[in-house]
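Novice:
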Amino acid sequence: QQQVKQSPQSLIVQKGGISIINCAYENTAFDYFPWYQQFPGKGPALLIAIRPDVSEKKEGRFTISFNKSAKQFSLHIMDSQPGDSATYFCAVTMGRRALTFGSGTRLQVQP
Amino acid sequence: ETGVTQSPTHLIKTRGQQVTLRCSSQSGHNTVSWYQQALGQGPQFIFQYYREEENGRGNFPPRFSGLQFPNYSSELNVNALELDDSALYLCASSPRDRAVNYGYTFGSGTRLTVV
Numbered sequence: 220q221q222q223v224k225q226s227p228q229s230l231i232v233q234k235g236g237i238s239i240i241n242c243a244y245e246n247t248a249f250d251y252f253p254w255y256q257q258f259p260g261k262g263p264a265l266l267i268a269i270r271p272d273v274s275e276k277k278e279g280r281f282t283i284s285f286n287k288s289a290k291q292f293s294l295h296i297m298d299s300q301p302g303d304s305a306t307y308f309c310a311v312t313m314g315r316r317a318l319t320f321g322s323g324t325r326l327q328v329q330p
Numbered sequence: 278e279t280g281v282t283q284s285p286t287h288l289i290k291t292r293g294q295q296v297t298l299r300c301s302s303q304s305g306h307n308t309v310s311w312y313q314q315a316l317g318q319g320p321q322f323i324f325q326y327y328r329e330e331e332n333g334r335g336n337f338p339p340r341f342s343g344l345q346f347p348n349y350s351s352e353l354n355v356n357a358l359e360l361d362d363s364a365l366y367l368c369a370s371s372p373r374d375r376a377v378n379y380g381y382t383f384g385s386g387t388r389l390t391v392v
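Residue numbers (the numbering used here), protein chains in the order written: chain A, 220 to 330; chain B, 278 to 392.
(1) With hydrogens ignored, establish whether the beta-carbon of R340(B) is closer than 7 angstroms to any heavy atom of the ligand PLP.
(2) Would you verify that the beta carbon of S385(B) is, or is not, closer than 8 angstroms to some beta carbon of chain A?
(3) Around the Cβ of P320(B), are there at least 16 other Cβ atoms within 10 angstroms (buried) or fewer (exposed)?
(4) If you run the structure through DSSP and keep just helix, strand and coil, what is L360(B)?
(5) Are F346(B) and V281(B) close, meaning C-beta to C-beta below 8 angstroms?
(6) So, at 8 angstroms on beta carbons, what are the nonlocal neighbours of Q228(A) in its own chain, with the 5 sequence-adjacent residues on each side left out?
(7) Determine whether the Cβ of Y381(B) lies closer than 8 angstroms to any Cβ atom of chain A.
(8) Taking contact to mean 3 or more Cβ pairs, one atom from each stretch, closer than 8 angstroms, check whether the segment 351 to 371 of chain B and the segment 298 to 306 of chain B are in contact.
(9) For A369(B), does the count of other Cβ atoms within 10 angstroms reach 16, so buried, or fall short, so exposed?
(10) Mind listing which residues of the segment 322 to 333 of chain B have their C-beta closer than 7 angstroms to chain A's C-betas, in chain order?
(11) Which of the three DSSP states is assigned to G302(A) in this structure?
(12) In whole angstroms, what separates the C-alpha of C309(A) from that of Y251(A)?
(13) Taking contact to mean 3 or more Cβ pairs, one atom from each stretch, closer than 8 angstroms, check whether the segment 275 to 282 of chain A and the segment 292 to 303 of chain A are in contact.
(14) Taking the C-alpha atoms as reference points, what is the distance between I239(A) and T306(A)?
(15) Which term fits P339(B), buried or exposed, when burial requires 16 or more other beta carbons within 10 angstroms of its beta carbon?
(16) By the DSSP assignment, the beta strand (DSSP E) with E245(A) in it spans what residues?
(17) Taking the beta strand (DSSP E) that A264(A) belongs to, which residues open and close that run?
(18) Locate the beta strand (DSSP E) running through H295(A), then write down its first and last residues.
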């Protein structure tokens, strides 16, 4: 059973546009929802994370929107830049358990 | 503050051989997790080590084993390598003693190719 489903698989956005990536989960016990950014040849790097007691968290151009009732959360990248071109992974976990990752979204921001 | 370092960066092995991958955790982090990332996929949890003991394991066979040392560094050992073991192996460290999960710091990984 896939614990977290991520979409879309790939995304092409023009420079200055908004990139939106979505994730859906099943287990309501999850209590930590991070997004990771991964560049080729590198490990994933934590971008932003949210807990289920808030509906939105913003850090610079990156925003997580969290819908507890729908069991969905999304990453919004405002004013997307070519340097944002990377693969993005959502993840879920509970307590101190290991992360379960989504399948990834390959983002390409065209100049 | 040093990050997570992994060695080697690349490795080619023959099917049936054994391999050992190494990881030094970030300063102040006492928990180490290992993940396998196949090409085009998300990382899959292998196992986690805390206080030198395995503390959680994903859906991987026993030929995947590990160690954690008193300085919190860790090794991942894979016996009887199979072609499907070809992947990027990621090590991640975290400060276990916090009350909640504050996320993991990942290394750049070891790219293992089994031929």
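Quick reminder that beta carbons are idealized off the backbone N, C-alpha and C, glycines included. Values in this document were obtained by computation on a predicted structure and should not be read as measured data.
Specialist: From the atom records:
(1) What this structure holds is no ligand at all, so the ligand PLP is not there to describe.
(2) For S385(B), the closest Cβ of chain A is nearer than 8 angstroms.
(3) The residue is buried, with at least 16 neighbouring Cβ atoms inside 10 Å.
(4) In this structure, L360(B) counts as helix in the three-state DSSP scheme.
(5) Against a cut-off of 8 angstroms, the Cβ pair of V281(B) and F346(B) comes out as no contact.
(6) S322, G323, T324 and R325, listed in sequence order.
(7) Under the 8 angstroms criterion on CB atoms, Y381(B) is classed as interfacial with respect to chain A.
(8) As far as the Cβ criterion goes, the segment 351 to 371 of chain B touches the segment 298 to 306 of chain B, which means the pair count is three or higher.
(9) When all chains shown are included, A369(B) counts as buried.
(10) So the list reads F322, Q325 and G333, given in the order they occur along the chain.
(11) Annotated three-state conformation of G302(A) is helix, per DSSP.
(12) Rounded to whole angstroms, C309(A) to Y251(A) spans 11 angstroms at the Cα level.
(13) These segments touch.
(14) A direct Cα-Cα distance of roughly 13 angstroms separates I239(A) from T306(A).
(15) The residue in question, P339(B), is exposed, as its Cβ has fewer than 16 Cβ neighbours within 10 Å.
(16) Annotation for E245(A): no beta strand (DSSP E) segment contains it, and DSSP assigns it neither H nor E.
(17) Note, A264(A): beta strand (DSSP E), A264 to I269.
(18) Unbroken beta strand (DSSP E) run through H295(A): Q291 to I296.
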